[in-house]
Structures are given as C-alpha cells and as structure tokens.
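Chemist:
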Amino acid sequence: GGNYRELYHILENHKFTKESHAKLQALWLEAHYQEAEKLRGRPLGPVDKYRVRKKFPLPRTIWDGEQKTHCFKERTRHLLREWYLQDPYPNPSKKRELAQATGLTPTQVGNWFKNRRQRDRAAAAKN
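The opening residue of the sequence shown carries number -5 in my numbering; numbering runs sequentially from there.
(1) In terms of residue numbering, what span does the alpha helix (DSSP H) encompassing proline 100 cover?
(2) Where does proline 84 land, buried or exposed, given buried means 16+ other C-beta within 10 angstroms?
(3) From the DSSP output, in three-state form, read off glutamate 91 for me.
(4) Output the distance between the C-alpha atoms of glutamine 19 and isoleucine 4, rounded to the nearest integer angstrom.
(5) According to DSSP, simplified to helix, strand and coil, what is leucine 52?
(6) Under DSSP, the alpha helix (DSSP H) around tyrosine 27 begins and ends at which residues?
Here's what the structure looks like:
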C-alpha cells in the first residue's frame, strides 16, 4: 500500500506538462483500480471502475478540468434524441437502422436509450 500512497502524493503535489497528462492519468486510475481490486479480492467490472473514478477524481495537477461528458457528435445525439421522443423503446430493427444512421453499433444505440430512460426516470423521481 505504501507505494500507492507515494504515487498519489507525487501526482497530487507536482507540476506536470500537458503532454504527460494522458500517461499520468492512466497511471492514477490504474493504481486506484489495482488498490480497489486487492481490497475486494476480485476483478473490477465497469461499474466498479466507474465508482472508483468518481471516488478518486483526477488531481488538477494532471488534468486541465476539461470534462469529456459527451462521447458522441452533436449530430448523433440530436438524431438519438429525436428518435427517443417518438419511441423510448426501439425494437432491434429500429436500433440497427439508428446504428446505420449514426455510425454507432446497435449495442451503443441500445445503451444510449437505456441510459436516457434511466436519467428521465431519475429526473421524474426528483420532481
């Protein structure tokens, strides 16, 4: 555990060039993933990794604060939103059609809809 502490301390307390940020971010996350894996005694799944990232956000020394929240192009998101308003539960052939139109995979389309429905439910529950 000592080496992790040392690594985090170095990353949190030194100035680094922008060019080295990507490598150092990977180092930060990988270390936190490994630590969490040891703690849990099993490999981390995507959700576990997401929780680790949330719990240990990148220090500003290796991150300029730019949030990459959107992975898809605006045009793609616009198309998905349009379809979603017509039908939040597209069938497999609709998903394939949308995948073709957006350049995404049918799985990505399905996940986008699933996430969007979940966010809408969460928003509705809050109000």
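Each residue gets a CB set at the ideal place from its N, CA and C atoms; glycine is no exception.
Modeler: Well, looking at it:
(1) 100 to 120
(2) buried
(3) helix
(4) 13 Å
(5) The answer is coil: DSSP assigns leucine 52 none of H, G, I, E or B.
(6) 15 to 34
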